[in-house]
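K.L.:
For what it's worth, full-length UniProt numbering labels the leading residue of the sequence shown as 1, then goes sequentially.
Backbone N, C-alpha and C define an ideal beta-carbon position, used for all residues, glycine too.
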Amino acid sequence: MHSAAAAAAPIVALTDAAKHFGAVRALDGVSLSISPGECLGLVGHNGAGKSTLVNVVNGGLSPSAGTVAFPASGAGSALGAGVRSVFQELSLCPNLTVAENLRISHAALKGLRWRGQAREEIAQALDQVFPGHGIAADAPVDSLSIAQRQMVEIAIGFAPRGTEARLVILDEPTSSLDAGIAEQLLSHIKRFCAAGGAVIFISHMLGEIFAVATRIIVMKDGRVVADEPAGRFTRQGLVDAMGHVAPDAAAVEAARSFGETVVTTPEGLTARRGEIVGLSGLAGHGQAEALARLYLGATSSWRAPKAAPMVFVAGDRGRDGVLPLWSILRNATVSILPRIARRGLVDRAEESRIAADWKARIGIRTEDVTNPILSLSGGNQQKVLFARALASDAPVVVMDDPMRGVDVGTKQDVYAMIRAEAARGRTFLWYSTETEEVCQCDRVFVFRDGQISAELSGADITEERILSASFEMAEA
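This is the structure:
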């Protein structure tokens with residue numbers, strides 16, 4: 001039983017904490033504390049220092065200057081203080097089961113019967129956070145969808161694991177979850193904090209920040225530029241504090257005309273030249289699989305053509321997008337190598353020029369594009385994947401939930417690029433779990449149980465119609 005004084009003490013307190021990587025000041029003198037019952041919304045553009053801050057809090061990084069203390073528990077480490085982290089880049093071992101992945105971070109599970117205990121504990125954690133989840137404790141992780149893997153990782157973060165979680169850090173936790181599952185998580189966060197726990201909630205979806213945060217911190221260039229109770233912010237004020245002008249939501253794009261049909265699939269999905277076609281519906285209902293079949297069917301050739309018929313932007317960048325051993329430059333330009341090669345030799349000067357051009361156009365935060373791709377934040381890695389796709393000459397761009405971990409300002413920039421490319425005749429097929437993104441499309445196909453349950457266009461593309469079609473098949 002904790003004393004009243006201990007209960008009132010902060011779980012973690014940072015004093016002038018800084019983290020330097022050479023000349024780069026990733027964290028530049030941050031002081032803050034997080035108390036029991038608080039849900040701290042942490043926002044800022046990609047590269048603002050959010051990930052560095054939470055890695056200093058959870059002990060993954062040691063501060064170059066300043067101090068990190070855990071007053072409430074008196075522990076000397078984040079682990080002993082009950083600090084847990086659930087990162088945007090999922091860390092589950094795909095060759096192990098769900099229960100076996102819990103065992104990795106649960107040293108108290110020992111003896112001959114640990115598997116049964118692990119199955120029971122992860123099942124209880126999943127039931128508590130995501131009622132009706134349908135995930136078997138014995139299921140191999142590589143058999144799960146990305147949404148299910150994210151659910152497992154979150155459940156492991158909140159699971160007791162021998163000691164109770166006191167502070168759970170959630171980095172873009174809903175990036176692969178549909179609206180219904182995301183709402184289950186937000187409800188659990190409120191219950192957890194009401195019971196005396198604390199959460200650091202990082203998200204580029206500002207609606208979620210306002211839904212759960214009791215306090216919001218805005219970071220920019222490694223510093224805290226605003227720290228206020230959530231009720232003192234408006235959406236516009238929050239975007240302004242981040243340092244980006246919010247788009248005019250009332251601006252409506254003029255109607256456009258489209259060319260001939262350039263894409264047809266067995267499911268009935270079609271797309272015309274210059275059209276932005278969205279795929280929507282609850283996560284895991286066949287949208288990603290339909291796009292994968294389409295893309296692989298068009299590009300799986302032994303001979304790489306000079307001009308690719310399609311290009312792909314992955315949402316699960318760790319598995320399907322980033323080439324981790326290569327530089328930022330090589331990752332960005334791999335799609336255009338046939339175009340800039342002469343007699344089998346790549347024109348390196350042209351490659352560098354194109355990479356520098358896209359670095360500036362899409363705002364990749366790096367001093368040098370020859371740095372390793374993994375030196376970038378997750379959102380900036382995603383920008384590189386967009387640069388790779390848009391720099392190509394492919395007439396069709398396939399996007400599988402591509403905005404995971406991308407900040408609100410960059411999203412608007414990418415939306416504008418997509419619309420500009422579509423106006424030039426490029427076709428986009430865009431699967432997204434975010435209604436805001438689906439509403440950027442000219443036409444939307446809603447999937448349910450692997451089939452198209454509705455086709456929406458124009459003013460019919462609304463959240464209400466999408467949800468209706470997600471849960472009940474529309475009549476032919």
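(1) Among Phe447, Phe428, Gly450 and Arg448, which one has its Cα closest to the Cα of Gln440?
(2) For Glu120 and Ala75, I'd like the C-alpha separation in whole angstroms.
(3) If you draw a straight line from the alpha carbon of His20 to that of Val56, how long is it in whole angstroms?
(4) Considering only residues of the same chain and omitting the five flanking positions on each side of Pro10, which have a CB-CB separation below 7 Å?
(5) Since I believe Arg84 is in contact with Gly157 (beta carbons under 8 Å), could you give me their beta-carbon distance rounded to a whole number of angstroms?
(6) Does the Cβ-Cβ distance between Thr163 and Gly82 come in under 9 Å?
(7) May I ask you to verify whether the stretch 174-182 touches the stretch 197-208, counting CB pairs closer than 8 Å and requiring at least 3?
(8) Which residue from Leu102, Ser105 and Gly425 puts its Cα closest to that of residue 478?
(9) Leu90: which of Thr370, Ser457 and Arg149 sits nearest, CA to CA?
(10) Please classify Pro131 as buried or exposed, where buried requires at least 16 other C-beta atoms within 10 Å of its C-beta.
(11) In angstroms with no decimal places, state the Cα-to-Cα distance between Gln128 and Glu351.
(12) For the stretch 415-422 and the stretch 363-375, state whether three or more C-beta atom pairs, one from each stretch, are separated by less than 8 Å.
(13) Can you tell me the Cβ-Cβ gap for Leu42 and Ile154, rounded? I've got them flagged as a contact below 8 Å.
(14) Based on Cα-Cα distance, which residue from Val398, Ser51 and Arg161 lies nearest to Ala125?
(15) Three Cβ pairs or more, each shorter than 8 Å: is that satisfied between the stretch 382-397 and the stretch 310-319?
(16) Just verifying my parser: in three-state terms, what is the DSSP assignment at Phe201?
(17) Using the Cβ count rule (16 or more neighbours within 10 Å means buried), how would you classify Asp400?
(18) Are the CB atoms of Asp171 and Thr433 within a distance shorter than 9 Å?
(19) Whole angstroms is fine: what's the gap from Ala6's alpha carbon to Ser77's?
(20) Return the chain-ordered list of same chain residues with a C-beta closer than 6 Å to the C-beta of Asp248, the five sequence neighbours on each side being excluded.
(21) Shorter than 8 Å, the distance from the beta carbon of Pro229 to the closest heavy atom of the ligand NAD, or not?
(22) Helix, strand or coil: how does DSSP classify Glu421 here?
(23) Leaving out five residues before and five after Leu390 in sequence, what residues of the same chain have Cβ atoms less than 7 Å from its Cβ?
(24) Between the C-alpha atoms of Gln189 and Val212, what's the straight-line distance to the nearest angstrom?
(25) Quick one: Cα of Ile452 to Cα of Phe445, how far?
(26) Tell me whether Ser187 sits in a helix, a strand or coil according to DSSP, three-state version.
(27) Short check: CB of Asp442 to CB of Val277, under 9 Å?
(28) By DSSP, does Ile452 sit in helix, in strand, or in coil?
(29) Mark Cys93 as exposed unless 16 or more other C-beta atoms lie within 10 angstroms of its C-beta, in which case mark it buried.
(30) On the three-state DSSP scale, how would you describe Phe233?
P.N.:
For this structure:
(1) Here residue 440 is taken as the residue at index 440 of the sequence shown, counted from 1. Minimum Cα distance to Gln440 is reached at Phe428.
(2) Working through the sequence shown from its first residue, we reach residue 120 at position 120. Working through the sequence shown from its first residue, we reach residue 75 at position 75. Cα-Cα distance, rounded: 29 Å.
(3) Locating residue 20 in the sequence shown gives position 20, where the first residue counts as 1. Locating residue 56 in the sequence shown gives position 56, where the first residue counts as 1. Cα to Cα, the separation comes out at about 12 Å.
(4) Position 10 of the sequence shown, counted from the start, is the residue given in the question as residue 10. Excluding sequence neighbours, Pro10 sits near Ser33, Ile34, Ser35, Pro71 and Ala72.
(5) As a position in the sequence shown, residue 157 is number 157, starting the count at 1. As a position in the sequence shown, residue 84 is number 84, starting the count at 1. Between Arg84 and Gly157 the Cβ distance is about 5 Å, and since that is below 8 Å, they are a contact.
(6) For the purposes of this step, residue 163 is identified with residue 163 of the sequence shown, where counting begins at 1. For the purposes of this step, residue 82 is identified with residue 82 of the sequence shown, where counting begins at 1. Against a cut-off of 9 Å, the Cβ pair of Gly82 and Thr163 comes out as a contact.
(7) yes
(8) The structure shown has nothing for residue 478, since the chain only spans 1 to 476.
(9) Here residue 90 is taken as the residue at index 90 of the sequence shown, counted from 1. Nearest option by C-alpha distance: Arg149.
(10) Sequence index remark: in the sequence shown, residue 131 carries index 131 (1-based). Looking at its Cβ environment, which holds fewer than 16 other Cβ atoms inside 10 Å, Pro131 is exposed.
(11) Residue 128 sits at position 128 when you count from the first residue of the sequence shown. Residue 351 sits at position 351 when you count from the first residue of the sequence shown. Distance between the alpha carbons of Gln128 and Glu351: 51 Å.
(12) no
(13) Here residue 42 is taken as the residue at index 42 of the sequence shown, counted from 1. Here residue 154 is taken as the residue at index 154 of the sequence shown, counted from 1. Not quite, the Cβ-Cβ distance comes to about 17 Å (not below 8 Å), so this is no contact.
(14) For the purposes of this step, residue 125 is taken as the residue at position 125 of the sequence shown. Of the listed residues, the one whose Cα sits closest to Ala125 is Arg161.
(15) yes
(16) By one-based count along the sequence shown, residue 201 stands at place 201. Of the three classes helix, strand and coil, the one that applies to Phe201 here is strand, per DSSP.
(17) Locating residue 400 in the sequence shown gives position 400, counting from the first residue. Its Cβ being crowded by 16 or more others within 10 Å, Asp400 is buried.
(18) In the sequence shown, residue 433 corresponds to position 433, counting from 1. In the sequence shown, residue 171 corresponds to position 171, counting from 1. Result no, Cβ atoms of Thr433 and Asp171 do not sit closer than 9 Å.
(19) The count along the sequence shown starts at 1 and reaches residue 6 at position 6. The count along the sequence shown starts at 1 and reaches residue 77 at position 77. The predicted model places Ala6 with a pLDDT of 46, which falls under 50 and marks its position as unreliable; any figure quoted below should be read in that light. When rounded, the distance between both Cα atoms is 17 Å.
(20) For the purposes of this step, residue 248 is taken as residue 248 along the sequence shown, with counting starting at 1. Because the pLDDT of Asp248 is 40, which lies under 50, any placement of that residue in the model is unreliable, and the number read from its coordinates should be weighed accordingly. Closer than 6 Å at Cβ, skipping near neighbours: no residue.
(21) Summarising the ligand content, the structure contains no ligands, and the ligand NAD is consequently not present.
(22) In the sequence shown, the residue the question calls residue 421 occupies position 421. Glu421 falls in the helix class under three-state DSSP.
(23) As a position in the sequence shown, residue 390 is number 390, starting the count at 1. So the qualifying residues of the chain are Met417 and Glu421.
(24) One-based indexing of the sequence shown puts residue 189 at position 189. One-based indexing of the sequence shown puts residue 212 at position 212. According to the sequence displayed, residue 189 carries Ile and not Gln. Near 7 Å, if we compare the C-alpha coordinates of Val212 and Ile189.
(25) Numbered from 1 along the sequence shown, position 452 holds the residue referred to as residue 452. Numbered from 1 along the sequence shown, position 445 holds the residue referred to as residue 445. Roughly 6 Å between the two C-alpha positions.
(26) The count along the sequence shown starts at 1 and reaches residue 187 at position 187. Of the three classes helix, strand and coil, the one that applies to Ser187 here is helix, per DSSP.
(27) Here residue 442 is taken as the residue at index 442 of the sequence shown, counted from 1. Here residue 277 is taken as the residue at index 277 of the sequence shown, counted from 1. A contact, by the Cβ cut-off of 9 Å.
(28) Position 452 of the sequence shown, counted from the start, is the residue given in the question as residue 452. Correct three-state label for Ile452: strand.
(29) In the sequence shown, residue 93 corresponds to position 93, counting from 1. Label assigned to Cys93: exposed.
(30) Here residue 233 refers to the residue found at position 233 when the sequence shown is read from its first residue. Phe233: coil per DSSP, three-state reduction.
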